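Visitor: Protein chains in written order, with the numbering used here: chain A, 73 to 480; chain B, 73 to 480; chain C, 73 to 480; chain D, 73 to 480. Backbone N, C-alpha and C fix where the C-beta goes; we use that ideal spot for every residue, glycine too. From a predicted model like this one, the values you see are computed outputs, not experimental measurements. I'd like to ask some things about the structure below.
There are 4 protein chains.
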Amino acid sequence: MFRKLTHRVFRDPIHGYINIHEQVIWDCINSKEFQRLRRIKQLGASHQVYQTAEHSRFSHSLGVYEITRRMFEEVKGLADLVTNYDQTVTLLAALLHDLGHGPFSHTFESVSRIDHEKYTELIILGDTEINAILSAIDTRLPHQVASIINHSHPNKILTQLVSSQLDADRMDYLLRDAYFTGTSYGSFDLNRLIRTMRVSGERLVIKESGIHAVEDYIMARYHMYWNVYFHATSRAYEAVLYALFRRLDDLKESDLLDKYPRLKTFLVEEVPRVESLLALDEAVMIYYFSEMQSSEDPILRDLSTRLLNRQLFAYEDIEDDVIEAEVIKMLEANNLDPRYYLAKDTLGQTPYHPYEKETSMLIYIIGRDQEVKELSEVSEIVAAISAGKEKKESKIFYPKIKKVGAYE
Amino acid sequence: MFRKLTHRVFRDPIHGYINIHEQVIWDCINSKEFQRLRRIKQLGASHQVYQTAEHSRFSHSLGVYEITRRMFEEVKGLADLVTNYDQTVTLLAALLHDLGHGPFSHTFESVSRIDHEKYTELIILGDTEINAILSAIDTRLPHQVASIINHSHPNKILTQLVSSQLDADRMDYLLRDAYFTGTSYGSFDLNRLIRTMRVSGERLVIKESGIHAVEDYIMARYHMYWNVYFHATSRAYEAVLYALFRRLDDLKESDLLDKYPRLKTFLVEEVPRVESLLALDEAVMIYYFSEMQSSEDPILRDLSTRLLNRQLFAYEDIEDDVIEAEVIKMLEANNLDPRYYLAKDTLGQTPYHPYEKETSMLIYIIGRDQEVKELSEVSEIVAAISAGKEKKESKIFYPKIKKVGAYE
Amino acid sequence: MFRKLTHRVFRDPIHGYINIHEQVIWDCINSKEFQRLRRIKQLGASHQVYQTAEHSRFSHSLGVYEITRRMFEEVKGLADLVTNYDQTVTLLAALLHDLGHGPFSHTFESVSRIDHEKYTELIILGDTEINAILSAIDTRLPHQVASIINHSHPNKILTQLVSSQLDADRMDYLLRDAYFTGTSYGSFDLNRLIRTMRVSGERLVIKESGIHAVEDYIMARYHMYWNVYFHATSRAYEAVLYALFRRLDDLKESDLLDKYPRLKTFLVEEVPRVESLLALDEAVMIYYFSEMQSSEDPILRDLSTRLLNRQLFAYEDIEDDVIEAEVIKMLEANNLDPRYYLAKDTLGQTPYHPYEKETSMLIYIIGRDQEVKELSEVSEIVAAISAGKEKKESKIFYPKIKKVGAYE
Amino acid sequence: MFRKLTHRVFRDPIHGYINIHEQVIWDCINSKEFQRLRRIKQLGASHQVYQTAEHSRFSHSLGVYEITRRMFEEVKGLADLVTNYDQTVTLLAALLHDLGHGPFSHTFESVSRIDHEKYTELIILGDTEINAILSAIDTRLPHQVASIINHSHPNKILTQLVSSQLDADRMDYLLRDAYFTGTSYGSFDLNRLIRTMRVSGERLVIKESGIHAVEDYIMARYHMYWNVYFHATSRAYEAVLYALFRRLDDLKESDLLDKYPRLKTFLVEEVPRVESLLALDEAVMIYYFSEMQSSEDPILRDLSTRLLNRQLFAYEDIEDDVIEAEVIKMLEANNLDPRYYLAKDTLGQTPYHPYEKETSMLIYIIGRDQEVKELSEVSEIVAAISAGKEKKESKIFYPKIKKVGAYE
């Protein structure tokens with residue numbers, strides 16, 4: 073059904089090569105919706121701290137595809153249980169799962185009203201090059217691909233591969249983010265994980281002998297969260313970005329936004345259309361930020377300058393209510409609106425959740441006796457972590473006043 | 073003279089950490105001219121082939137700074153010969169040497185009339201944040217920094233560190249480009265090179281025991297050129313970019329360019345001002361390319377779409393004149409102007425030039441007897457390479473007609 | 073006091089270079105007692121499983137020295153608190169801490185009556201080349217070096233560097249064993265650990281910002297134990313080795329052992345002398361094993377052949393008493409003495425012990441408020457692991473009967 | 073014909089895993105002749121300089137097997153041209169090609185009269201466990217395996233895989249020796265080499281697009297020779313070893329050698345039998361060296377002590393005849409016999425020989441036009457190196473007299 077292609081490859085520092093064997097994969101990669109992912113960074117704000125983390129969702133998406141491809145090739149018994157057709161459907165889902173991201177992914181969702189998973193689905197099903205490529209093969213193909221991404225596909229093994237607590241997506245981004253930040257925290261033994269995967273009933277499971285590789289992967293997640301994804305300076309950058317988005321949203325009906333037409337279009341639509349989302353990427357947004365430096369609105373002017381020249385907000389741990397009151401007093405004394413100049417966040421993350429309701433999200437271990445158990449029943453260390461107090465961190469962000477180099 | 077700073081660091085996959093010890097370095101990094109380098113990719117077109125090569129001149133510049141810093145710290149005898157003041161001047165030159173790059177560096181120079189080295193000098197000496205930071209310390213400091221970059225500084229050791237055939241700039245970009253492309257070609261033993269460096273008279277030299285590390289470095293250059301920098305697909309992308317710049321230059325007085333004001337400003341100025349250059353970066357250009365997709369000019373429309381969606385030109389080796397004539401005939405039959413739709417290039421590169429007139433550009437080896445010789449006199453392999461026939465490659469680039477997916 | 077040496081280096085894959093700056097260090101490395109460590113493998117039995125883990129205690133000892141040296145150079149405030157003399161004393165302790173190991177280190181202690189730490193002390197204080205080198209500098213030097221190794225030195229910071237739950241010894245062996253086995257489990261961020269170390273009072277502490285690096289190190293320990301050090305096949309090899317040592321010990325007064333004079337000497341001495349220990353290394357033992365293949369004693373003959381040709385014991389998890397009884401019955405039916413042909417072990421390991429009595433063994437974290445807390449009070453994850461059920465594993469080892477390739 | 077085995081693996085830092093799929097491979101690995109390779113170091117004397125280079129011929133042999141296995145799996149068209157039976161024959165040849173090495177491989181051949189290739193053949197064809205394993209499958213199998221190793225097999229592609237200027241043996245040892253010494257010189261892109269291999273007629277060839285990977289491999293060889301294999305300190309160690317072997321050979325009929333029976337047996341046999349070779353390994357030799365420290369012969373005593381405690385000979389470049397005369401005078405004045413206490417060597421190495429008579433040893437490149445050319449016709453750099461002056465180095469080795477630490 074799917075036309076074979078002379079084997080093509082992309083070099084990749086994480087996987088050595090990304091191997092393409094089918095025309096439809098190649099065509100999707102060369103569609104304009106997929107090429108747009110070159111212009112959306114994988115780590116959003118983190119490259120303000122880890123300055124080499126400039127990698128895009130384009131290369132990450134190729135990586136998720138490649139891990140999924142390897143699983144079909146290397147996980148014993150898997151290829152026998154899944155038709156060739158369904159394998160390609162799954163590979164397409166792996167490749168395309170991030171299509172719906174906006175610029176500065178997570179922060180952007182504060183003004184987007186629809187989350188990126190939903191947009192991904194709309195892009196695959198809508199009037200797009202991707203849809204045309206898929207529909208030309210089989211009119212049901214777009215829906216089949218989308219159903220894996222939104223977990224409605226009947227074969228739970230396929231959704232597990234692409235989206236679960238041990239999926240190709242997480243595996244790729246941990247390894248990739250570790251490589252491009254230059255930290256060692258995210259490393260774990262991908263080869264061993266794949267080598268110890270098996271199929272049991274309707275589930276992907278890990279052999280008992282692979283349990284340490286799974287524990288290592290769980291710890292990699294834990295460390296990447298606290299060292300990279302939740303880094304206070306990244307959050308300070310995100311706080312400015314979030315404030316800017318809020319200001320733009322508040323001004324969305326104003327003529328002041330006419331200079332940023334793609335953004336205005338997106339903001340004023342009740343439910344922004346796919347075309348409006350696709351018209352935005354990080355190049356466009358950075359161009360707009362740079363234009364906003366000469367806006368008539370002083371808040372846009374200030375916040376956009378902060379973003380481009382890295383004059384971030386300062387931050388402190390929130391230990392009681394006193395600090396917030398003090399910051400507000402200080403902001404008001406300086407005529408700064410707390411709606412934009414004060415942000416708080418509380419972050420917590422458990423690297424593994426044993427109580428997910430959707431059981432296909434869990435990680436399972438199969439013993440020598442073929443009995444399958446949920447990970448935290450078998451791993452003392454995962455049990456300890458899951459039962460332990462969740463680590464939480466609350467910070468308040470606001471501009472340092474009357475100091476050159478407020479971002480320090 | 074230079075105020076010390078509590079030690080600050082940036083993580084970096086190549087060097088582990090970038091270590092900052094002085095306020096002036098920190099302030100320059102946080103200037104808007106330096107932050108702009110985050111928006112200019114180190115490898116221009118190459119990330120169309122090596123899709124993970126998305127790293128910027130920002131992190132490269134930090135790397136050049138760090139290697140230079142290590143040399144002052146680790147090269148025996150070097151710190152004794154150079155005052156603390158001159159060390160910091162050199163570090164500033166290392167950090168700032170790439171400030172003058174435009175978007176898509178080398179291709180951009182086809183329309184810029186001034187080369188990037190000259191712009192770097194103008195930025196350091198002009199009305200910029202960088203200049204203000206430097207002048208506040210000493211009014212002569214900007215000129216001193218610039219004099220290292222333009223090779224007019226009296227102390228040749230300092231220019232050798234930053235710009236010669238064995239300098240911190242080349243060392244960083246080879247290692248960095250190899251890391252971010254995921255190739256192993258560019259790797260060489262930086263630690264050993266630094267460990268075997270010495271000072272002899274007014275020259276940096278390499279101890280005889282380090283000669284293999286130098287040969288390895290020369291070969292790394294050779295391989296990176298042919299495998300990465302001169303990759304045919306990158307050149308095909310550059311051919312489209314170059315054609316688009318030519319079209320824009322031809323249209324520069326036209327109203328059609330009013331929609332791209334920063335670009336128009338730059339193109340119409342007889343000698344573009346520093347401010348005009350600084351207003352351009354790759355985010356701005358990509359935004360403009362995306363706007364050009366709906367230009368009234370069909371050539372702008374076509375070329376910008378090719379760029380954004382990777383519909384590159386095809387290419388062939390030029391072996392005789394026949395092929396060019398055939399391509400022109402084909403283009404004319406399809407109403408395509410060869411001025412924009414045909415490109416040729418001939419590339420050749422020798423990884424080491426023993427006959428440079430400026431002797432501070434050469435590499436020197438010091439024997440056990442303290443005699444200093446130029447590299448190709450001592451290394452049979454470098455002599456062989458330098459005497460050998462230079463490898464050259466000529467290609468012609470043009471659009472494939474009547475085929476879906478012309479970029480294949 | 074200590075004579076400087078022209079800087080000498082050893083290449084090392086873990087640390088890049090081992091840097092030697094003092095004559096006494098160089099002389100100790102070239103002593104015959106230290107060179108003997110080239111003939112004792114770091115991982116004993118593990119290279120039967122991880123076949124590339126052939127590295128010796130010689131290179132490990134150099135690594136422990138190098139990490140300690142870097143700490144004095146890089147840990148802020150440390151060098152100021154410790155005299156140059158005491159720094160060198162500590163470096164000597166780091167270098168020499170493993171001198172007292174016998175062949176096949178831990179298994180060998182079953183017949184050695186004195187543990188390797190004690191032998192290390194005896195070698196440093198006894199009539200040895202090492203002692204001569206140290207005493208020639210200062211007659212008190214051997215005792216000072218030994219006092220760091222046996223924890224009696226008054227400056228607890230020095231003992232902490234060399235021997236605690238976060239010491240140069242553990243740091244080197246985790247990284248080294250991971251490298252030479254080719255597993256990624258043992259990796260952690262050594263540079264960050266060193267960068268975040270500080271001195272507070274009489275203690276080495278880790279800054280709060282380094283806590284994730286410490287957690288990563290703790291997890292590296294955990295994983296290396298279960299994946300490498302406690303690997304069942306290694307233990308099967310050790311079970312054979314242990315049986316052979318027991319047989320040799322039982323036969324120690326017999327003429328049968330006259331063919332292995334160095335071993336006999338060691339076994340018959342009530343408290344084996346230092347000279348007797350130093351006369352043994354793994355080359356000698358393997359030669360003896362190879363000679364034992366033609367011993368008149370059938371048990372020696374069988375066990376030594378098993379060792380050299382990797383015909384290890386089989387193993388099973390012990391879940392109840394039934395299995396042991398069955399194995400004994402089977403052995404007796406085959407005229408195999410369970411004293412030698414049956415082994416059991418129960419292994420458990422907690423990667424961090426918060427309740428050590430000797431407080432210099434613990435890991436401490438210093439907050440921004442300069443308050444120092446024990447690690448498990450600050451790290452939720454270490455607290456969870458320490459409070460959790462300890463993972464334990466019990467196995468029984470015995471020869472498979474009537475099967476070619478019993479070791480499978 | 074060959075029985076399949078449940079997939080078994082060995083971890084390996086170079087290849088990730090060594091994959092075993094057939095019973096005969098597993099059985100050969102577990103034979104006593106193959107296990108003996110655990111006791112012979114790959115790099116002989118080099119671990120005196122690169123102290124971590126303690127890896128054995130056992131793990132190297134597994135590596136050569138694995139590369140050959142990957143070639144059959146990954147080189148396009150190869151598996152179609154070679155029967156399954158011949159593939160396994162080739163894998164066996166790859167695995168077993170180093171069986172005939174003696175302790176301290178190359179130096180040992182000075183007293184062995186038969187080279188290691190010949191001994192490998194004798195072991196495969198003789199009365200050994202290996203021969204029994206192979207013959208049990210097919211009586212012709214031992215000869216078939218041997219014929220690949222000695223180049224008499226009719227299918228030249230098979231000999232090219234295992235033994236040519238671009239073979240699995242060289243590929244593995246360059247990568248492995250680089251890893252275990254911790255140098256980066258030996259690295260090249262194995263994956264790309266394999267990816268660009270093709271079959272053309274009766275030859276393995278490399279696609280034109282892989283030429284840079286081949287050049288990189290050639291340079292890796294060049295650098296490893298000069299930095300590792302020919303390192304002066306290793307040669308100083310070999311000079312002592314060689315002198316000791318000469319002395320032993322001169323004393324071979326004497327009673328003095330009765331204490332080293334396995335060695336005596338080997339030396340006195342006119343053509344040493346396979347059993348005599350197999351009875352020797354590095355553990356045995358080091359035990360004997362350690363015993364020789366108390367020999368009645370003063371030369372054995374001195375040389376063996378030098379070896380074990382690393383009191384190597386000093387060395388100097390030979391620039392004229394004066395130095396040799398001076399050394400002889402000095403030795404005679406000290407009653408040292410120049411036959412044992414003076415050594416000279418001249419080393420030269422060309423990393424690629426375009427004029428080999430046996431054409432299956434050469435490297436071939438296939439162009440887009442399917443024309444096959446010998447490497448130096450296509451690669452300017454290899455042509456330059458091959459045409460250039462061969463680098464040569466002559467040194468004289470002798471003991472430093474009247475100086476403590478003569479080995480320095």
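Where does A351 of chain C fall in DSSP's three states?
Guide: Within the third sequence, numbered from 1, the residue matching residue 351 of chain C stands at position 279. Residue state, collapsed to three classes: coil.
Visitor: Looking at C-alpha atoms only, which residue of B:I435, B:F176, B:I395, B:L329 is the closest neighbour of H119 of chain B?
Guide: Sequence index remark: in the second sequence, residue 119 of chain B carries index 47 (1-based). Selected option, being the one with the closest Cα: B:F176.
Visitor: Given that N299 of chain C touches chain A, what residues does it touch there, using C-beta distances under 7 Å?
Guide: By 1-based counting over the third sequence, the position of residue 299 of chain C is 227. Residues of chain A passing the Cβ test: H284.
Visitor: Whole angstroms are fine: how far does the CA of V154 of chain D sit from the CA of P226 of chain D?
Guide: In the fourth sequence, the residue the question calls residue 226 of chain D occupies position 154. In the fourth sequence, the residue the question calls residue 154 of chain D occupies position 82. The alpha-carbon atoms of P226 of chain D and V154 of chain D are separated by roughly 12 Å.
Visitor: Looking at the unbroken alpha helix (DSSP H) that takes in K336 of chain D, where does it start and where does it end?
Guide: By 1-based counting over the fourth sequence, the position of residue 336 of chain D is 264. Note, K336 of chain D: alpha helix (DSSP H), 333-340.
Visitor: Tell me whether E325 of chain C sits in a helix, a strand or coil according to DSSP, three-state version.
Guide: What you label residue 325 of chain C is simply residue 253 of the third sequence in a count that begins at 1. It is coil, neither helix nor strand.
Visitor: What's the C-alpha gap between G282 of chain C and R141 of chain B?
Guide: Start at 1 with the first residue of the third sequence, and residue 282 of chain C comes out as number 210. Start at 1 with the first residue of the second sequence, and residue 141 of chain B comes out as number 69. Looking at the two C-alpha atoms, the distance is approximately 25 Å.
Visitor: Taking 8 Å as the threshold (beta carbon to beta carbon), is D392 of chain A in contact with chain C?
Guide: Position 320 of the first sequence holds residue 392 of chain A. No - not a single Cβ of chain C is within 8 Å of the one on D392 of chain A.
Visitor: DSSP has A415 of chain D in a bridge; who is on the other side?
Guide: Within the fourth sequence, the letter at position 343 stands for residue 415 of chain D. Bridge partners of A415 of chain D: D:F469.
Visitor: What residues match up with D84 of chain A in a beta bridge as DSSP calls it?
Guide: Looking up residue 84 of chain A in the first sequence gives position 12. Looking at the DSSP assignment, D84 of chain A forms a beta bridge with A:G88.
Visitor: In whole angstroms, what separates the C-alpha of I139 of chain C from that of P85 of chain C?
Guide: Position 67 of the third sequence, counted from the start, is the residue given in the question as residue 139 of chain C. Position 13 of the third sequence, counted from the start, is the residue given in the question as residue 85 of chain C. For I139 of chain C and P85 of chain C, the distance between alpha carbons rounds to 13 Å.
Visitor: Note down, one range per segment and in chain order, each beta strand (DSSP E) of at least 3 residues found wholly within the region 194-279 of chain B.
Guide: The qualifying runs are 269-272, 275-279.
Visitor: From R242 of chain B to E105 of chain B, what distance separates their C-alpha atoms?
Guide: Residue numbering aside, residue 242 of chain B sits at position 170 when the second sequence is read from its first letter. Residue numbering aside, residue 105 of chain B sits at position 33 when the second sequence is read from its first letter. Those two C-alpha atoms are separated by around 22 Å.
Visitor: Please check if any C-beta of chain D sits within less than 8 Å of the C-beta of D84 of chain C.
Guide: For this step, residue 84 of chain C is matched to residue 12 along the third sequence. Answer yes: the Cβ-Cβ gap between D84 of chain C and chain D drops below 8 Å somewhere.
Visitor: Taking only beta-carbon atoms, is M243 of chain B less than 8 Å away from chain D?
Guide: Taking the first residue of the second sequence as position 1, residue 243 of chain B is located at position 171. Not an interface residue.
Visitor: Measuring only between beta-carbons, confirm whether N263 of chain D sits less than 8 Å from chain A.
Guide: Taking the first residue of the fourth sequence as position 1, residue 263 of chain D is located at position 191. Yes - at least one Cβ of chain A is within 8 Å of the one on N263 of chain D.
Visitor: Does the region 454-466 of chain C come within contact of the region 421-431 of chain C, defined as at least 3 CB pairs closer than 8 Å?
Guide: Judged by Cβ distances under 8 Å, the region 454-466 of chain C makes contact with the region 421-431 of chain C, as three or more pairs qualify.
Visitor: Could you list which residues in chain D have their beta carbon closer than 9 Å to that of G88 of chain A, in chain order?
Guide: Indexing the first sequence from 1 puts residue 88 of chain A at position 16. By Cβ distance, chain D contributes N263.
Visitor: Measuring from the CB of D261 of chain D, is there a heavy atom of the ligand MG at a distance below 7 Å?
Guide: Among the components modelled here there is no ligand, and therefore nothing to report on the ligand MG.
Visitor: Which of helix, strand or coil does DSSP assign to E449 of chain A?
Guide: Taking the first sequence and counting its residues from 1, the one referred to as residue 449 of chain A is at position 377. DSSP places E449 of chain A in helix when its eight states are reduced to three.
Visitor: Taking 6 Å as the limit between beta carbons, can you name the residues of its chain near L194 of chain B, skipping five residues before and five after?
Guide: Position 122 of the second sequence, counting from 1, holds the residue named residue 194 of chain B. The residues are V346.
Visitor: Along chain B, in chain order, which residues have C-beta atoms closer than 8 Å to that of T431 of chain A?
Guide: Working through the first sequence from its first residue, we reach residue 431 of chain A at position 359. Simply none; closest approach about 35 Å.
Visitor: Give the straight-line distance between the Cα atoms of Q123 of chain D and A386 of chain D, rounded to the nearest whole angstrom.
Guide: Looking up residue 123 of chain D in the fourth sequence gives position 51. Looking up residue 386 of chain D in the fourth sequence gives position 314. C-alpha separation (whole angstroms): 19 Å.
Visitor: Would you kindly work out how many angstroms separate the C-alpha atoms of S131 of chain D and D288 of chain A, rounded to a whole number?
Guide: Taking the first residue of the fourth sequence as position 1, residue 131 of chain D is located at position 59. Taking the first residue of the first sequence as position 1, residue 288 of chain A is located at position 216. If you take the alpha carbons of S131 of chain D and D288 of chain A, they lie about 27 Å apart.
Visitor: Along the alpha helix (DSSP H) that carries A292 of chain D, what are the first and last residues, could you check?
Guide: Here residue 292 of chain D corresponds to residue number 220 of the fourth sequence, with the count starting at 1. Taken as a continuous stretch (DSSP letters only), the alpha helix (DSSP H) holding A292 of chain D covers 283-296.
Visitor: Helix, strand or coil for D392 of chain D? Go by DSSP, reduced to three states.
Guide: As a position in the fourth sequence, residue 392 of chain D is number 320, starting the count at 1. Correct three-state label for D392 of chain D: coil.
Visitor: I'd like to know whether the C-beta of G439 of chain C is nearer than 8 Å to at least one C-beta of chain A.
Guide: What you label residue 439 of chain C is simply residue 367 of the third sequence in a count that begins at 1. It does not: the Cβ of G439 of chain C has no partner Cβ on chain A nearer than 8 Å.
Visitor: Could you check the C-alpha separation between D374 of chain A and D152 of chain C for me, to the nearest Å?
Guide: Residue mapping note: residue 374 of chain A aligns to position 302 of the first sequence, counting from 1. Residue mapping note: residue 152 of chain C aligns to position 80 of the third sequence, counting from 1. Whole-angstrom Cα-Cα distance: 46 Å.
Visitor: Pairs of beta-carbons, one from the region 366-383 of chain B and one from the region 209-226 of chain B, closer than 8 Å: are there three or more?
Guide: They do not touch, by the three-pair rule.
Visitor: Along chain D, in chain order, which residues have C-beta atoms closer than 8 Å to that of R111 of chain C?
Guide: On the third sequence, position 39 is the one that residue 111 of chain C refers to. Ordered by position in chain D, the residues that pass the 8 Å Cβ test against R111 of chain C are I358.
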